[in-house]
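Right, one structure below, let's go through it.
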Amino acid sequence: MKALAINGGAGRMGQILAEGLGASGQFTIGALVDAREPSRLFGATYAASFEAVDAATIDVVIDFSSPEGVVTSAAWCAAHGVGLVIGTTGLSDEQRRVVETAATKVGVVIAANYSVGAVLSEKFAAMAAPYFDRVEIIELHHDKKVDAPSGTSIAAATAIAAARTHAGLPEMIDPTQRHTLAGARGADTIGGVKIHSVRLPGLVSHQEILFGGPGEGLTVRHDSFDRLSFVQGVALAASAIDSTPRLVDGIDSLI
Ligand code: NAD
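Structural data, given as structure tokens:
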């Protein structure tokens, strides 16, 4: 059974991961590392910094902290031969290079989305893409989300466009001739895949990829209802990684 340390262990994701991964039967949670004390420990030891963690007791560090926290985790893991799973987003190019350097010393997984359903829906969409004439994406999020469209929908559009190009299909041209209201046809992305963004209170994170062909349609829908949706993907990454140097970018190769 692998022993984990969670950097950002007092945070929203850190607490959910400590509970979910600890209950999975695959891992023990050795330490919750965070500048502030976690409200719940789930049997782990609290450490205000990595200096207080005995590296000999930890197999993998899970980092859901901040970009600065990732730099600390990467240096500690590389120095002590401990695998690293990174969920923290917003890394600068320089911080990303620190991660890549760590991956020459130990195994590192870095992914912008640990939701297995979201990753699978992108794979299914890429499979379907060559067989339909047109495809459009609707992404729906809570009204606190400040950016649009979502990074996940752009990644899906890119994967669909690549699959269409690979199949020798031309870029999709919007058949609409007259725009009575500007914006009605959504945002244009790569390959002519349109994205429509919906923002409403009560929503969490949802996406529909709609395909249309002669006489049939196909909808690939994914819903994230809760941060619990990330636990399974982090578990896959923590199981796959160890001290052997390598960089795994995204969890699709682990599914
Ligand atoms: P949060 O603010 O609730 O928690 C972050 C925690 O990290 C806090 O407790 C904070 O004290 C701690 N922290 C910050 N800097 C630190 C440092 N240098 N050293 C130690 N601890 C530090 O945030 P959250 O909602 O839990 O999200 C955390 C990160 O995970 C964000 O970057 C978020 O975008 C990312 N995230 C990624 C995924 C994914 O699938 N990849 C999913 C959800 C969230």
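Residue numbers for the sequence shown follow my numbering, so the first one is 4 and each next one is one higher.
We treat Cβ as the ideally placed atom computed from N, Cα and C, and that holds for glycine.
Leu184 in three-state terms, based on DSSP: coil
Is Tyr117 near the ligand NAD - that is, is its Cβ less than 8 Å away from at least one heavy atom of it? yes
Quick check on DSSP: helix, strand or coil for His145? coil
Pairs of beta-carbons, one from the segment 126-139 and one from the segment 103-112, closer than 8 Å: are there three or more? no
Pick from Ala121, Ile89, Ser95, Gly220: whose alpha carbon is nearest that of Ala106? Ile89
Leaving aside the five residues before and after Ala166 along the sequence, list all residues of the same chain whose C-beta is less than 7 Å from its C-beta, in chain order. Ala129, Ala132, Pro133
His145 and Ala151 closer than 9 Å at C-beta: no
Starting from Asn157 and walking both ways along the alpha helix (DSSP H), at which residues does that stretch end? The residue asked about is misnamed: residue 157 is Ile in this sequence, not Asn. Here the alpha helix (DSSP H) through Ile157 covers 154-169.
For the beta strand (DSSP E) that contains Thr48, what are its first and last residues? 48-50
On the criterion of 16 or more Cβ atoms from any shown chain inside 10 Å, does Met16 qualify as buried, or is it exposed? buried
How many Å lie between Ser208 and Val119 at the Cα? 14 Å
Tell me the DSSP secondary structure of Arg15 in three-state form. helix
Is Glu125 helix, strand or coil by DSSP? helix
At what residues does the alpha helix (DSSP H) containing Asp215 begin and finish? In the sequence on display, residue 215 carries Gly and not Asp. Not the alpha helix (DSSP H): Gly215 falls in the beta strand (DSSP E), residues 208-216.
Can you tell me the Cα-Cα spacing of Phe233 and Asn116, whole angstroms? 8 Å
One question on the structure: do Gln29 and Ser242 come within less than 9 Å of each other, judged by their Cβ atoms? yes
Cβ of Thr222 within 9 Å of Cβ of Ile193? no
Cβ of Ala58 within 9 Å of Cβ of Leu35? no
Own chain residues within Cβ distance below 8 Å of His182, not counting five before or after: Arg188
CB-CB length for Ala76 against Leu87, believed under 8 Å: For the record, residue 76 in the displayed sequence is Ser; it is not Ala. Rounded, the Cβ-Cβ distance is 6 Å, consistent with contact.
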